[in-house]
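Visitor: Numbering (the working numbering), first residue to last: 3 to 437. For glycine and all other residues, C-beta sits at the position ideal for the given N, C-alpha and C. Structure below; questions to follow.
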Ligand code: UGA
């Protein structure tokens with residue numbers, strides 16, 4: 003099929019490349035010329051496992067352009083995968099989605115299906131359909147479909163090629179038929195429902211996972227008080243298939259571009275409708291407090307960090323990505339700097355993004371951070387070490403070296419990379435989460 007995907011961010015680009023892998027001819031449209039030029043050179047603007055290889059493998063079926071008019075010309079299906087960033091009040095900013103919808107309506111001269119992949123508040127598909135109908139030039143039929151994306155960063159290609167489910171929110175059989183054709187090679191259950199339910203599946207899924215994390219984090223905090231081990235508790239819970247063993251890793255809270263944004267957006271939407279989502283509100287509050295958990299623990303050893311050297315292992319919001327959005331590092335590093343510390347930071351891929359993100363903020367003391375590409379040099383002669391991301395390099399690191407290389411071997415582990423007994427046996431002063 004002739005498919006267009008608008009937006010070459012995580013959702014758009016991965017969707018496009020995977021659709022090409024399953025045999026469709028896909029044109030990627032973006033307003034950012036730099037991105038398009040990179041893509042034409044076979045370079046992915048995002049760091050994602052297997053993506054570039056798949057781009058190269060399917061290069062004959064993939065086209066990249068900023069010229070949306072020519073792209074829409076023969077498209078049977080147009081996916082919208084542009085961003086819906088968080089606004090100051092917690093709601094989703096839909097201006098990019100609406101702008102693309104208007105552009106499509108003004109450009110296409112044939113009947114087609116428009117598919118909304120971006121995460122959008124309930125009711126957005128109806129609004130987009132209205133924009134399409136109000137702005138189309140002729141009496142062509144443009145159908146709208148809600149088709150939320152469930153990929154996670156770091157495993158985006160795998161999550162898309164081998165999707166857990168395909169949700170299609172649609173109000174007519176013709177559009178449903180087209181979508182079944184789009185996904186005919188995919189081996190995943192297909193749920194067909196109305197567009198509002200499809201939109202809700204996405205939020206309800208993400209918010210449930212966020213809630214699960216905040217729940218285990220609270221249990222972890224209580225484990226510390228009453229002398230239990232959260233890792234064993236989570237294992238014991240996970241054997242119950244009604245609970246499941248995934249997303250029960252206690253830590254320094256969830257980050258990324260999705261959970262923080264989607265919990266706030268659904269909470270906001272409920273408020274707007276005079277309903278309070280108490281569980282989601284609690285998940286948000288617990289997460290905000292959890293991000294500061296290690297700093298609070300560090301007060302046991304130092305009243306402040308004035309004149310000390312602090313090691314930071316891991317800057318990204320999770321391993322396998324260079325994304326720093328809502329990462330624990332972004333919240334904690336300014337506090338540590340403000341406290342007077344010098345920082346030595348390690349991350350396998352996130353350093354450049356970290357520098358870019360911090361440069362434009364109003365963070366004092368960034369010149370007191372030095373960056374390293376190995377853990378030995380990072381922790382050498384430091385007074386305390388924080389772990390914010392569970393990269394393999396960190397998990398597999400020889401724990402005895404914290405004792406050998408640090409000035410004072412105090413290790414605060416926000417991702418439970420090590421066991422308490424190992425740390426103790428090597429003379430490391432260790433505090434994880436929930437043990
Ligand atoms: C998340 C969902 O997992 C995807 O299903 C969804 O499609 C995506 O959002 C989206 O809406 O686009 P992502 O944000 O890439 O994916 O990352 P996750 O792997 O879910 O991790 C999110 C955060 O939760 C990370 O900071 C991670 O460290 C944290 N986390 C995860 C925990 O603290 N504990 C866990 O047990 C699992």
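#1: Got a sec? Which residues, its chain only, sit under 6 angstroms from residue 211 by beta carbon, not counting five neighbours each side?
#2: Please check the pair residue 336 and residue 365, which I expect to be a contact at CB under 8 angstroms, by giving their CB distance rounded to whole angstroms.
#3: Is the stretch 42-62 touching the stretch 75-84, taking contact as three or more C-beta pairs under 8 angstroms?
#4: Any heavy atom of the ligand UGA closer than 7 angstroms to the CB of residue 154?
#5: Quick one: Cα of residue 260 to Cα of residue 229, how far?
#6: Taking the alpha carbon of residue 150 as the reference point, which residue from 177, 130, 201, 139 has its own alpha carbon closest?
#7: Just tell me which of 275, 215, 419, 234 has its CA closest to the CA of residue 256.
#8: In chain order, what residues of the same chain lie with their CB nearer than 6 angstroms to the CB of residue 348, ignoring the 5 residues before and after it?
#9: Determine whether the beta carbon atoms of residue 192 and residue 168 lie at a separation below 8 angstroms.
#10: In chain order, what residues of the same chain lie with their CB nearer than 6 angstroms to the CB of residue 253, ignoring the 5 residues before and after it?
#11: Using 8 angstroms as the Cβ pair cut-off and three pairs as the minimum, do the stretch 103-112 and the stretch 127-145 touch?
#12: Should residue 321 go down as buried or exposed, given a rule of 16 or more other Cβ atoms within 10 Å for buried?
#13: Report yes or no: do three or more beta-carbon pairs, one from the stretch 30-47 and one from the stretch 112-129, lie closer than 8 angstroms?
#14: For residue 427, is the classification buried or exposed, using 16 other Cβ atoms within 10 angstroms of its Cβ as the cut-off for buried?
#15: Could you tell me the boundaries of the beta strand (DSSP E) in which residue 114 lies?
#16: Considering only heavy atoms of the ligand UGA, does any lie closer than 7 angstroms to the CB of residue 223?
#17: Where does the unbroken beta strand (DSSP E) through residue 387 begin, and where does it stop?
#18: In chain order, what residues of the same chain lie with their CB nearer than 7 angstroms to the CB of residue 326, ignoring the 5 residues before and after it?
#19: If you draw a straight line from the alpha carbon of residue 403 to that of residue 241, how long is it in whole angstroms?
#20: Measuring CA to CA, which of 171, 174, 412 is closest to residue 302?
#21: Distance, Cα to Cα, residue 390 vs residue 409?
Guide: Checking against the coordinates, here is how it stands:
#1: 249
#2: 5 angstroms
#3: no
#4: yes
#5: 33 angstroms
#6: 201
#7: 215
#8: 315, 374, 377, 380
#9: yes
#10: 416, 417, 435
#11: yes
#12: buried
#13: no
#14: exposed
#15: 114-118
#16: no
#17: 386-389
#18: 317, 318, 319, 332, 352, 355, 356, 359
#19: 35 angstroms
#20: 412
#21: 20 angstroms
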